[in-house]
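Line by line, the protein sequences give chains A, B, C and D. Take the first sequence: its position 227, counted from the start at 1, is 227 in the numbering used here, and no numbers get skipped. Take the second sequence: its position 36, counted from the start at 1, is 36 in the numbering used here, and no numbers get skipped. Take the third sequence: its position 12, counted from the start at 1, is 12 in the numbering used here, and no numbers get skipped. Take the fourth sequence: its position 57, counted from the start at 1, is 57 in the numbering used here, and no numbers get skipped. The beta-carbon is built from N, C-alpha and C at its ideal position, and this holds for glycine as well. Accompanying notes for the structure given below.
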Amino acid sequence: MSHLPVLVIVIPLIFAFLSSLAGFWPSAVRRGIVGVGFLLHPLCVVLLVSRMLIRGPLLYEVGGWAAPLGIMLLVDELSVIFLCILALGMFFAFLYSFSTGTARQEKLHVFFFLLTASISGQMVAGDIFNLFVFLELTTVVSIALVALKKKRRPVISAFVYMVYAAISSTLLLIAIALLYNATGTLTMAHIAQRISYMPPASYAVVLVSVVISLGIKIGLVPLHFWQADAYDGAGSTVAGIFSGVVMKAGVYALLRLIFTVLGAGGAHSRLLFGFLLMAGCINIAAGHIGALFQLNLKKMLAFSSIAHAGYIFVGIGSGTAAGLAAAVFHAFNHFFLKTALFWSGRFFIAGKRSSFIPRMRGIAVSFPAMFIMFFLSALAIVGIPPTAGFASKWLIALALQERGLLLPLVFIAAGTVVSLWYYARIFVLAVQHPHETGNGIQGARMTKRQAAGALLVLMVLCLYSLSAAFFPQDFYSVFEAAAFRLREPAEYMEILLAGALQ
Amino acid sequence: MFNFAYFLLLVLLVSAAAAAVLVRGMITSVIVLSVFSVSLTLVFSFLQAVDVAMAEAVIGAGLLTAFFVTAISRARRKTK
Amino acid sequence: MSRKGKRRQRWIVLGVLICCALVLGTAILPMSVSAERVSDHYIRYGVSETAALNLVSAVLLDYRSFDTLGEATVIFAAVSAVSVLMSGGGLSRNRRTLSNLARCAVANIYPVLWLFPLYVILHGHLSPGGGFHGGVTMGVLLIMISVLYGTAFSLPKLSLTALSYTEYSSALAFILVGLAGVVHGSGFLSNIGAGFFKGSPGDLVSAGFLPLLNVIIGFKVAAGLVSIYYQLLRSGD
Amino acid sequence: MIREMSFVAAISVFCIGLYCVLTDRNLIKICVGLSIMESSIVLLLVAIAYREGGLAPVFSAEIETYVDPVPHALALTAIVIGAGVTAVALGLSVLIYRHFGTLNIDKIWRSLG
Chain A
1 MSHLPVLVIV IPLIFAFLSS LAGFWPSAVR RGIVGVGFLL HPLCVVLLVS
51 RMLIRGPLLY EVGGWAAPLG IMLLVDELSV IFLCILALGM FFAFLYSFST
101 GTARQEKLHV FFFLLTASIS GQMVAGDIFN LFVFLELTTV VSIALVALKK
151 KRRPVISAFV YMVYAAISST LLLIAIALLY NATGTLTMAH IAQRISYMPP
201 ASYAVVLVSV VISLGIKIGL VPLHFWQADA YDGAGSTVAG IFSGVVMKAG
251 VYALLRLIFT VLGAGGAHSR LLFGFLLMAG CINIAAGHIG ALFQLNLKKM
301 LAFSSIAHAG YIFVGIGSGT AAGLAAAVFH AFNHFFLKTA LFWSGRFFIA
351 GKRSSFIPRM RGIAVSFPAM FIMFFLSALA IVGIPPTAGF ASKWLIALAL
401 QERGLLLPLV FIAAGTVVSL WYYARIFVLA VQHPHETGNG IQGARMTKRQ
451 AAGALLVLMV LCLYSLSAAF FPQDFYSVFE AAAFRLREPA EYMEILLAGA
501 LQ
Chain B
1 MFNFAYFLLL VLLVSAAAAA VLVRGMITSV IVLSVFSVSL TLVFSFLQAV
51 DVAMAEAVIG AGLLTAFFVT AISRARRKTK
Chain C
1 MSRKGKRRQR WIVLGVLICC ALVLGTAILP MSVSAERVSD HYIRYGVSET
51 AALNLVSAVL LDYRSFDTLG EATVIFAAVS AVSVLMSGGG LSRNRRTLSN
101 LARCAVANIY PVLWLFPLYV ILHGHLSPGG GFHGGVTMGV LLIMISVLYG
151 TAFSLPKLSL TALSYTEYSS ALAFILVGLA GVVHGSGFLS NIGAGFFKGS
201 PGDLVSAGFL PLLNVIIGFK VAAGLVSIYY QLLRSGD
Chain D
1 MIREMSFVAA ISVFCIGLYC VLTDRNLIKI CVGLSIMESS IVLLLVAIAY
51 REGGLAPVFS AEIETYVDPV PHALALTAIV IGAGVTAVAL GLSVLIYRHF
101 GTLNIDKIWR SLG
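Written out as structure tokens, the structure reads:
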């Protein structure tokens with residue numbers, strides 16, 4: 001009985017409490033505790049991933065109670081993929097925050113540990129109320145991270161984010177109450193089995209409130225207004241984590257609830273996939289056009305995240321297993337690209353002391369190394385052929401073309417062109433000679449050692465984004481297996497119910 | 001079977017919620033919110049939910065009112 | 001936005017909300033009680049499996065104790081968030097006290113008031129109540145002290161560091177109790193399976209680690225909420 | 001009949017809370033609306049748990065039908081989470097007041113420019 005699924009959640013929790021307790025102790029002890037903590041969690045994830053890939057999906061009964069009674073934790077391919085994103089994201093976030101000195105903000109590491117614990121809790125949850133509690137924990141921690149700098153703009157965008165998040169969690173709780181009343185249980189597999197007991201009206205309301213509630217978290221277009229301000233308010237380190245990891249937790253929860261719990265293959269599926277396709281196209285259009293007219297670097301990257309959420313929706317909406325696998329693969333790649341963009345962009349903002357793009361003149365001269373990283377990640381995210389971004393967009397396009405859906409293809413192509421335009425705009429500005437030579441040079445306040453640490457993290461991210469297209473086939477087979485298991489909830493149920501019979 | 005007493009309790013509950021929202025001042029709104037919490041406690045005790053009634057009484061009427069009043073006193077210091 | 005525009009906007013929102021209410025109504029109103037429910041098992045075998053009379057505490061702390069751990073962490077995150085947001089100036093030590101009458105009245109009945117939360121926490125698994133109810137009541141009683149006698153009087157008695165220490169160590173204690181199950185090999189947060197003393201239903205010391213968890217949660221919630229109260233009072237200029 | 005009345009009350013209180021959150025101009029009033037919205041869901045959960053003739057879920061020999069204990073556990077968790085989120089919301093409102101000197105959202109947007 002390997003305790004890995006629960007240790008992945010409990011270890012970051014222990015270190016969250018320890019590092020806040022260590023707040024009263026000398027800083028050397030605190031740095032030691034934080035150091036051990038952020039190494040231990042990826043280790044557990046690696047062990048869990050390897051065990052899952054070898055022995056197949058893993059079931060864990062918390063509290064020793066059999067399936068319908070207690071809370072179940074289940075790790076299958078989909079949770080493994082998103083757990084990798086989480087482990088890598090938080091590992092690099094710790095490294096990056098140490099190297100760029102953002103670690104000075106008090107309780108930043110406590111919130112990072114809490115974020116790690118809550119998102120890994122969502123990834124392995126086999127119980128919808130447990131998923132709700134960890135989503136709520138992610139919300140409270142995200143509000144604190146947005147308002148951490150306590151300046152004028154981040155505080156009001158944190159309040160707006162809190163209002164959106166409260167409405168989203170209330171809607172999700174309504175859906176859970178309806179599901180419990182209809183099926184009498186909270187375990188995902190049992191709900192999937194008894195979903196046919198629900199009257200169609202309740203089923204439609206549950207489906208709509210789940211899509212709206214998680215649409216707020218991911219950035220579905222009419223509900224995305226909080227995102228640009230929240231990312232701009234939070235520091236670049238935190239914004240990279242938000243768009244790379246926290247948004248993917250929303251995507252995972254949406255996939256798990258729609259496909260496994262509500263059985264998207266049922267009567268409503270054509271309506272749902274049609275809606276997701278349309279929502280995806282609107283997201284792509286709104287995201288790219290918003291980014292085009294944005295003169296603030298962080299807000300521009302936030303709108304580009306909304307566009308890439310659109311690609312994921314379109315991939316899911318294609319309705320085929322290939323499309324779903326491509327969407328999950330795009331979510332996986334998007335983490336590497338967007339985090340690298342945010343973290344390399346941080347140096348330009350710190351150097352020019354403003355995130356106003358027209359003032360970014362000559363950043364290629366002042367920060368040559370960082371600019372190369374930014375340039376490579378921008379190439380990848382736009383989708384220039386050899387990169388990972390191109391690979392996943394191409395697979396989404398293939399899935400759409402196979403189903404003969406041409407309109408989203410047009411949107412994807414137009415989106416690529418528009419994104420090429422607004423990233424090229426920055427490169428043109430960057431290579432020009434900085435006319436006010438004064439603040440260009442002394443902008444880099446960081447010591448050489450700190451910049452080197454950040455450069456190392458960015459290099460690993462860019463290495464992946466350039467070489468992902470050439471990874472062996474069985475790397476992509478994990479995504480296909482995840483998509484297959486999502487579309488076949490019966491198999492998911494067997495594992496959970498088999499657990500009950502042991 | 002239509003229970004008239006419970007119906008009156010629910011009418012009190014909904015009108016307390018509406019009053020807390022529609023009333024102008026902050027302090028009166030918070031006080032009506034604690035009235036809303038007390039009526040919610042009565043509704044829960046009628047629905048045989050004893051644990052939830054106790055929790056709502058202590059958290060709703062006791063704690064949240066204290067936090068709201070503290071926040072309002074902090075947010076009105078300068079204009080006094 | 002002119003006043004008339006703002007009023008029109010309110011009517012639009014009201015209209016949208018009435019449609020949401022109708023949609024929700026059509027979904028929720030025809031709901032009948034579902035056929036087989038997991039709660040039938042809790043009601044029939046709950047007492048025999050967990051030896052706790054209060055079935056809600058049995059569900060909250062034994063069958064679904066992972067939710068309670070998550071929820072205690074949500075309170076911990078809320079306390080850390082408020083302390084970070086409010087970490088500006090020093091703690092305000094005001095001498096504002098209530099009238100003499102209030103202070104004498106409470107001074108006499110204050111010890112009696114403490115009986116209620118202690119009873120609720122210790123009998124959490126037998127009678128309605130539990131860690132959260134008792135913890136919040138203890139928090140409210142401690143806040144009452146600083147309301148009555150002013151924070152200048154109550155802060156030296158119960159400093160912020162003492163509250164933080166209590167909260168963080170009881171949070172760790174909660175996880176250690178859970179890890180006992182892992183060490184025993186029967187799963188995280190497992191109660192009777194991990195060898196905790198089951199006892200017969202109705203005794204004070206029974207139902208495994210339920211009384212222990214109630215006490216831990218009680219202190220954690222009390223310390224957390226009082227430190228939120230002190231943080232909200234900060235001047236912070 | 002009691003269940004249906006409670007459902008109607010829960011939905012109407014939810015819409016009242018949502019109306020307050022969406023249209024109110026004062027930050028503290030928005031937190032009041034938030035707290036009302038969270039309480040309405042707790043009422044919905046408890047209304048779902050109600051059974052005709054069922055008694056409180058504390059075991060004693062002579063009672064046969066009990067009310068469903070599981071939604072009570074969820075309701076308890078939802079109340080405490082709602083209190084936590086409301087506490088953070090109030091902390092944010094006080095912080096916004098310190099920066100902008102006003103609690104009115106229109107003035108805040110105007111001063112943000």
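According to DSSP, is residue i helix, strand or coil?
i               : result
D24 of chain D  : coil
N3 of chain B   : coil
G438 of chain A : In this prediction, G438 of chain A scores a pLDDT of 47, lower than 50, which makes its location untrustworthy; no coordinate-derived value is stated.
L103 of chain D : coil
A125 of chain A : strand
V58 of chain D  : strand
N296 of chain A : strand
V62 of chain A  : strand
L503 of chain A : Outside the shown range of chain A (1 to 502) lies residue 503 of chain A, about which nothing can therefore be said.
L74 of chain A  : strand
Y50 of chain D  : coil
N54 of chain C  : strand
L471 of chain A : According to the sequence as given, residue 471 of chain A is Phe; it is not Leu. Of the three classes helix, strand and coil, the one that applies to F471 of chain A here is coil, per DSSP.
Using 8 Å as the threshold, is the C-beta distance between residue i and residue j below it?
i               : j               : result
G134 of chain C : G218 of chain C : yes
S10 of chain A  : L48 of chain A  : Note on residue identity: the sequence assigns Val, not Ser, to residue 10 of chain A. It is not a contact, given that the beta carbons lie outside the stated cut-off.
F17 of chain A  : G37 of chain A  : no
L13 of chain B  : F36 of chain B  : yes
A222 of chain C : M138 of chain C : yes
P211 of chain C : L122 of chain C : yes
S40 of chain D  : L33 of chain B  : no
A264 of chain A : L271 of chain A : no
For residue i and residue j, what's the separation of their Cα atoms in angstroms?
i               : j               : result
V206 of chain A : I212 of chain A : 10 Å
A388 of chain A : F76 of chain C  : 39 Å
Q442 of chain A : A350 of chain A : Its pLDDT being 44, under 50, Q442 of chain A is placed unreliably by the model, and the measurement read from it follows with that caveat. Cα to Cα, the separation comes out at about 10 Å.
F7 of chain B   : M5 of chain D   : 7 Å
V46 of chain D  : N181 of chain A : 11 Å
R74 of chain B  : I381 of chain A : 47 Å
R3 of chain C   : R10 of chain C  : 11 Å
K393 of chain A : L376 of chain A : 17 Å
L379 of chain A : R359 of chain A : 22 Å
T260 of chain A : L131 of chain A : 14 Å
L163 of chain C : I143 of chain C : 13 Å
A424 of chain A : R8 of chain C   : 44 Å
Using a C-beta to C-beta distance shorter than 8 Å, which residues of chain G count as neighbours of residue i?
i              : result
S12 of chain D : Here chain G cannot be found, since the structure's protein chains are A, B, C and D.
Mind pulling the chain B residues with CB within less than 8 Å of residue i?
i               : result
V32 of chain D  : A20, V21, S29, V30, L33, F68
G139 of chain C : L63
H72 of chain D  : A49, D51, V52
L225 of chain C : L63
Y229 of chain C : A66, F67, T70
Listing by chain order, which chain C residues have their CB less than 7 Å from the CB of residue i?
i              : result
I59 of chain B : V136
A55 of chain B : F132, H133
Just to make sure I have the definition right: I need the residues of chain A whose C-beta is within less than 8 Å of the C-beta of residue i. Which are they?
i               : result
G181 of chain C : G63, G64
Determine the chain A residues that contact residue i at a beta-carbon separation under 9 Å, and present them in chain order.
i               : result
G193 of chain C : G63, G64, W65
What in chain C is Cβ-close to residue i, meaning under 9 Å?
i              : result
P68 of chain A : V38, H41
Taking Cβ-Cβ distances shorter than 7 Å, what residues in chain D pair up with residue i?
i             : result
R3 of chain C : None at all; the shortest Cβ gap to chain D is about 11 Å.
Under 8 Å Cβ-Cβ, which residues of chain D neighbour residue i?
i             : result
A5 of chain B : Near A5 of chain B there are no residues of chain D at all, since even the closest Cβ is about 11 Å away, more than 8 Å.
Let me know the alpha helix (DSSP H) ranges lying completely inside the region 142-204 of chain C, each 4 residues or longer, listed in chain order. 151-157, 160-184
Within the region 162-234 of chain A, ranges of the alpha helix (DSSP H) (whole runs, at least 4 residues): 188-194, 200-218, 225-233
Quick check on the DSSP output: what are the complete alpha helix (DSSP H) runs of length 4 or more inside the region 361-401 of chain A, in order along the chain? 363-366, 368-382
Write down every uninterrupted run of the alpha helix (DSSP H) in the region 5-70 of chain B whose length is 4 residues or greater and which is fully enclosed by it, in chain order. 26-46, 50-56
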